[in-house]
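Numbering (mature numbering (1 follows the signal peptide of the UniProt record, and there is no 0)), first residue to last: -19 to -1, 1 to 983.
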């Protein structure tokens, strides 16, 4: 049944949970009950760390009055005997959409992108909606509430799951008999944030994760500016955002990488987010711990794959196999590292899966008190309700579970879930008839011992010292007992039927094998009369076959260790800097010394320490380089690997976005590039707009965090683009609304934005109040020669145009990348002072490369242009040494100069040649040991070293291939065993890794 509950805003703001009723009633005589209720003789978990046996819990008007072993029960109390039962605080879910009507995406009446906001009086971006309040969209559903009751939950913090800033949530008590006054615990409980756009708007921006992060930064800057009263226009969204800043800030990350990204953004505007995780935090636990954030953690552990088909099984990656094994350990690892977290039903298909999944985490080592805290005291503390939620202490809401035993035992039944003092009966609890009984039948004395849990009773019948085969069945208020006669050789049975009441006596009839019907009366014995044999029998019951687990628990013992990164070819321990001495190696210095034969190179403290003959060094690892070549590491000036996002295409200028925000240190292409001798790359924004996003210049430190990949000594760069992509020539008929649509328009975009940047800079330096604009700040850096431009380019006319625009605003373009018509205007490039980063022999893949020739690099080089050869491709980047060799074939470039095309020259273009690009004393030890001449197609990178750390070693790679195969086989076996034991498995699905290029639209 769906029940719609409507609330007046004034009423919500003024009423309290149990306020005195003052509204007149016209529906007849009504007498409100105002009595106490007491549950006695229960095991009561007051909190995760406090438990009392044989305790009493007293509550009234939805709140706990007293609890303890010796409690004064007020007169006229309703007393409930809870003997044999256990009481826990009800659970709290901080990340829910329960009871809140969610927006639905409107049908697209137009396929054309929408670039402007659709609302007046609100923020310029429709996906920023802090003015939303979940309490205004309540749609309480008793059926879903009951499903949550059965999972143990009594309170949820619900929100509108829509938009980037989503507005406030509402804290709801799952009281199916309540009204607004006793359902809403807090009308505006927290502000929610995410990275996905609103379904209520088609506004294009942002189209990417990096755009969403940039938007979050800008909206908070705008809120600071608005709060100073400097805006001439009213903005209801910014007003709501400012008002909500004092509330708990909950942000949906959904993965460890996004958790770190969002925490960084939050830190920039002094906000500590509560982060909704993705269940993979264990993979980067030290970085997660360093955020100092509290987390909300899902328990939607992945299912095993159906690995019976060996051909399909080969396609499952080691990372996916490990995930199944490792995910249940995530809560344990968080707890061991003192990361405070709450647990949630988030991402589960149904609420009934919650406790079974949580039990997996407990089997994997999560202490039960930590599990209980993550469901009670921790979420209560996060939401600022520690005095009223999460514990069973006086003054707290009467939100509690009545169970048959340990809540985290698979055999435990939740009988009742009380919410604000209202009982929700989930299962009828059987009467507690456990104990030892004595009875007589035809002058034979019998002892009946009933044990076990309330919902799974066991019985043993004995006479003298003979134990008789016994079967017990308890249904509702009736007991059926069948036991063998004393003469077991006859295989005859006595059957008993007894009514159950509240007395310690079982009364009914016994049916003997000879047909007699006799009165049956069994009297419960006191504790002192229970024999030691009876107690031993109870202990023996624990070994019954029907209690054995059907599944293999995910214990700590079968945990496959995490590597860095946590996929194939990751490190068990992060590699360390070493002192290395290369002996008798051919050294390609890229300096005036040229190529040195049979030379030694000493690497120490991450730097090139010495170059010479017959070098020695104490404690150095000696590497025989006889017949091998040592070069500086390859540098790729134009790459799109190691990122989760490439293009922000929502605007024609996106200078506010940054690739650094979306670096992906787990990209296997990092390792593959190391295997090809690459040590540094510039990760560029794509070419979806004339003014793209800011670059990330990184070193390929496999196994490090995204933060540690960034080269701290590299200057600032940004991606510009010309040609077909920026005017959306190949985007289809729908993409005809965004300016520019012509090459002429592209020029005007640049002129307009640089003029605006000049005016912004003038206002900023005038001392007058100004609105800080990240986009304009970035463009001002270009004009002030503090940021360099790498520009995607093909056609001669546009290359000429952009150089003239730059000169008009008194700066230079740093690099034209691709520049396949660079040979046509190499002299002008030299005059302007711009470098060229090109392909060796890519052409004929679209119209604007019709005039490409393989001699382009050689012609530009001979004219005096600083030339590099780049990849723009995750495959080609692994063979840039061979791409450089093509310059020898096409244009007769010398081997030394050709090698510089992929080492020293890109270092010069990126302004990092003082540290990398050549082998020179004092430079960073970013070097590669090749098995052969580095320009040869037969050459293999045997060792790739960055700052004295070996990130790739060909011998380790060979060993790892065997280790990966072994681990995959072990995990496959475990999955097959799981299926054979009846566990649910999922089919293998083909997964294709995204292969990013300039025009990848995300």
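Beta carbons: idealized from backbone N, C-alpha and C, even for Gly.
Residue range 229 to 233 is occupied by the beta strand (DSSP E) that includes residue 230. Annotation for residue 654: the continuous alpha helix (DSSP H) segment containing it runs 649 to 656. Between residue 809 and residue 784, the gap from beta carbon to beta carbon is short of 9 Å.
Excluding its 5 nearest sequence neighbours in each direction, residue 286 has C-beta neighbours in its own chain below 7 Å: 297, 956, 966, 967, 969, listed in chain order. The segment 83 to 102 makes no contact with the segment 164 to 175, as fewer than three CB pairs between them are under 8 Å. Ranked by Cα distance from residue 25, the first of 633, 215, 234, 51 is 51.
Fewer than three Cβ pairs drawn from the segment 690 to 698 and the segment 718 to 726 lie within less than 8 Å of each other, which leaves the two stretches out of contact. The segment 638 to 657 makes no contact with the segment 199 to 208: fewer than 3 CB pairs, one atom from each, lie closer than 8 Å. Per DSSP, residue 337 is one residue of the alpha helix (DSSP H) stretching across 335 to 344.
Looking at the DSSP output, residue 960 bridges to nothing.
Taken through DSSP and simplified to helix, strand or coil, residue 885 comes out as helix. DSSP places residue 619 within a strand segment (E or B) once states are collapsed to three. Close CB contacts of residue 632 within its chain, under the 6 Å cut and outside five residues either way in sequence, are with 186 (chain order).
In the DSSP assignment, residue 610 falls outside any alpha helix (DSSP H) and lies within the beta strand (DSSP E) extending over 610 to 613. Scanning 675, 408, 655, 402 for the CA closest to the CA of residue 638 turns up 675.
Our two residues, residue 542 and residue 575, have alpha carbons roughly 46 Å apart in a direct line. Leaving aside the five residues that flank residue 411 on each side, the residues in its chain whose CB is nearer than 6 Å to its CB run, in chain order, 435, 455. A contact between stretches requires three or more CB pairs, one per stretch, nearer than 8 Å, and the segment 838 to 855 meets this requirement with the segment 809 to 822. For residue 225 against residue 172, the beta-carbon gap comes to about 4 Å, under 8 Å, which counts as contact. When the Cα atoms are used, residue 147 and residue 103 turn out to be separated by approximately 14 Å. Per DSSP, the unbroken alpha helix (DSSP H) holding residue 237 starts and ends at 237 to 249. Bridge pairing for residue 165: 153 [DSSP]. Pairwise C-beta distances place the segment 40 to 50 in contact with the segment 366 to 375, as three or more of them are shorter than 8 Å. A buried status is given to residue 433, since no fewer than 16 other beta-carbon atoms sit within 10 Å of its beta-carbon.
The C-alpha of residue 940 is placed about 22 Å away from the C-alpha of residue 609. Short of 6 Å from the beta carbon of residue 332, and not among the five residues preceding or following it, lie these beta carbons of its own chain, in chain order: 128, 129, 132, 326.
Close CB contacts of residue 388 within its chain, under the 6 Å cut and outside five residues either way in sequence, are with 69 (chain order). For residue 304, the enclosing alpha helix (DSSP H) covers residues 299 to 307.
Between the segment 894 to 911 and the segment 582 to 593, the count of Cβ pairs shorter than 8 Å is three or higher; the stretches touch. In the DSSP annotation of this structure, residue 755 is not part of any beta strand (DSSP E); the continuous alpha helix (DSSP H) holding it starts and ends at 755 to 764. Below 8 Å, enough C-beta pairs join the segment 276 to 286 and the segment 244 to 260 to call them touching: three or more.
Residue pairing of residue 934 in beta bridges, as defined by DSSP: 924. Buried is the label assigned to residue 861, since at least 16 other Cβ atoms lie within 10 Å of its Cβ. In this structure, the straight-line span from the alpha carbon of residue 109 to that of residue 349 is close to 40 Å. If only uninterrupted beta strand (DSSP E) runs of at least 3 residues are considered, those enclosed by the segment 249 to 299 are 255 to 257, 275 to 279. A straight line joining the alpha-carbon of residue 316 with that of residue 310 spans about 10 Å.
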